[in-house]
Amino acid sequence: MSDRHILLVSHTGRQDSIEAAVEVCDLLHAAGLVPVMPFDEYADVRRAEASVGQVDILNVDVQADQLEIVIVLGGDGTILRAAELVRGTGAPIVGVNLGHVGFLAESERDGLRATVERALSGDYKVEERVTLQVDVVVGHEVVYSSWALNEATIEKASRERMLEVVTEVDGRPLSSFGCDGVVVSTPTGSTAYSFSGGGPVVWPDVDALLMVPLSAHALFSRPIVVGPDRVLAVEVLRRTSGVGVLWCDGRRTHDLPPGARVEVRRSPDPVRVARLKDAPFTDRLVAKFQLPVAGWRGPATEDDA
569 MSDRHILLVS HTGRQDSIEA AVEVCDLLHA AGLVPVMPFD EYADVRRAEA
619 SVGQVDILNV DVQADQLEIV IVLGGDGTIL RAAELVRGTG APIVGVNLGH
669 VGFLAESERD GLRATVERAL SGDYKVEERV TLQVDVVVGH EVVYSSWALN
719 EATIEKASRE RMLEVVTEVD GRPLSSFGCD GVVVSTPTGS TAYSFSGGGP
769 VVWPDVDALL MVPLSAHALF SRPIVVGPDR VLAVEVLRRT SGVGVLWCDG
819 RRTHDLPPGA RVEVRRSPDP VRVARLKDAP FTDRLVAKFQ LPVAGWRGPA
869 TEDDA
């Protein structure tokens, strides 16, 4: 068998995803490779009575820094999980969408075989995506640190109580208000929670950070976009009657008592994404959101003029 290591990450709570995982394993075996899987996903596939043949277990038989590429079967949530597994390594991620929108995915289910073949042949371009370093400060002490590919969200912990916050850019106060929360997002995350909160869509090649208030009770609560070297902060004011909660990519969480401060800056560790297509981001927006473009004639040509 080859010493090349390809990680397979799959949403094993769905039968179609398990079937796709078996197909990928068969393709990798046929190419002389032993697939690598996280133990819990391998166990789920076995419990579903699906046979994937010989498999190496991640962080047991193969370490994350030995991986060549990661093939992800599922939606954006599964891709975020894969990014967590290979954080800090050079392994790029290529997603096959088995979910709903699948904004981070490169292909759909009918392109599974072609995706595996291109991953095996190295026929892809690697794109680096900005990630966030997220620190929770209480007093003068950092009590929790995490990261995010899409967004860090400061939210109210109880439905009936508003969260009182003050927002800040580079150590200077910007605005104070009551709200449901505040999203700090990367360009990659601008089509996720930030988008639902009314934030702008930012092209992924733009170096920027976004801050989007959620249901703010304030006259000035507009989303802002700042440069990548700015430091954004959200402080939970002591007058808040409840507590807040921090979510990073909807996966990692930490409670925020009154007085807690969340500082967000660009992380030095980007996530690497394998791109199979050169299609413009505009086309991806149109396809994923099914935007109406009927009647478009394109830029005028010299003949038109």
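All residue numbers for the sequence shown refer to the numbering used here, where the first residue is 569 and numbers rise by one. Beta carbons are placed, not taken as given, at the ideal position from N, Cα and C, and that holds for glycine.
- Message: Using C-beta distances below 7 Å, list every residue in its chain close to residue 807, excluding the 5 sequence neighbours before and after it, in chain order.
- Response: 732
- Query: According to the Cβ coordinates, are residue 697 and residue 839 closer than 8 Å?
  - Reply: Against a cut-off of 8 Å, the Cβ pair of residue 839 and residue 697 comes out as a contact.
- Message: Assuming residue 597 is part of the beta strand (DSSP E), what are its boundary residues?
- Response: Note, residue 597: premise wrong, no beta strand (DSSP E); alpha helix (DSSP H) at 583-598.
- So what's residue 774 in DSSP terms, helix, strand or just coil? coil
- Item | Cβ neighbour criterion (16 or more within 10 Å) applied to residue 565 | Because the chain here runs from 569 to 873, residue 565 falls outside it and cannot be looked at.
- Query: Do the stretch 629-644 and the stretch 586-606 touch if we need at least three Cβ pairs shorter than 8 Å?
  - Reply: yes
- Do the stretch 818-831 and the stretch 706-720 touch if we need at least three Cβ pairs shorter than 8 Å? They touch, by the three-pair rule.
- Spatial distance of residue 856 from residue 835 (CA atoms): 28 Å
- Can you find at least 3 beta carbon pairs, one from the stretch 859-868 and one from the stretch 681-695, that sit closer than 8 Å? no
- Task: Just the C-alpha distance for residue 573 and residue 744, rounded to the nearest angstrom, thanks.
- Result: 50 Å
- Query: Whose C-alpha, out of 772, 658, 662 and 816, is nearest the C-alpha of residue 948?
  - Reply: As shown, the chain starts at 569 and ends at 873. That puts residue 948 outside it, with no answer to give.
- Item | Assigned secondary structure, residue 821 (DSSP; H/G/I helix, E/B strand, else coil) | strand
- With a cut-off of 8 Å, do at least 3 Cβ pairs link the stretch 773-783 to the stretch 746-753? The answer is yes - the stretch 746-753 touches the stretch 773-783, with three or more Cβ pairs under 8 Å.
- Do residue 632 and residue 653 have their CB atoms nearer than 8 Å? Taking C-beta atoms as the reference points, residue 632 and residue 653 count as a pair closer than 8 Å.
- Query: Can you tell me where the alpha helix (DSSP H) with residue 745 in it begins and where it stops?
  - Reply: Residue 745 -> not in any alpha helix (DSSP H); beta strand (DSSP E) instead, spanning 740-747.
- Task: Just mark residue 579 as buried or exposed, buried being the case when its beta carbon has 16 or more other beta carbons within 10 Å.
- Result: buried
- Item | Distance between residue 747 and residue 729 (C-alpha atoms, nearest Å) | 9 Å
- What is the DSSP secondary structure of residue 953, reduced to helix, strand or coil? Nothing in the structure corresponds to residue 953, since the chain is present only between 569 and 873.
- Message: Can you tell me whether residue 833 is helix, strand or coil according to DSSP?
- Response: strand
- Endpoints, the beta strand (DSSP E) within which residue 713 is located: For residue 713, the enclosing beta strand (DSSP E) covers residues 709-716.
- Item | Closest Cα partner of residue 760 within the set 810, 648, 795 and 829 | 648
- Task: Just mark residue 887 as buried or exposed, buried being the case when its beta carbon has 16 or more other beta carbons within 10 Å.
- Result: Outside the displayed span of the chain (569 to 873) sits residue 887, for which this structure offers no information.
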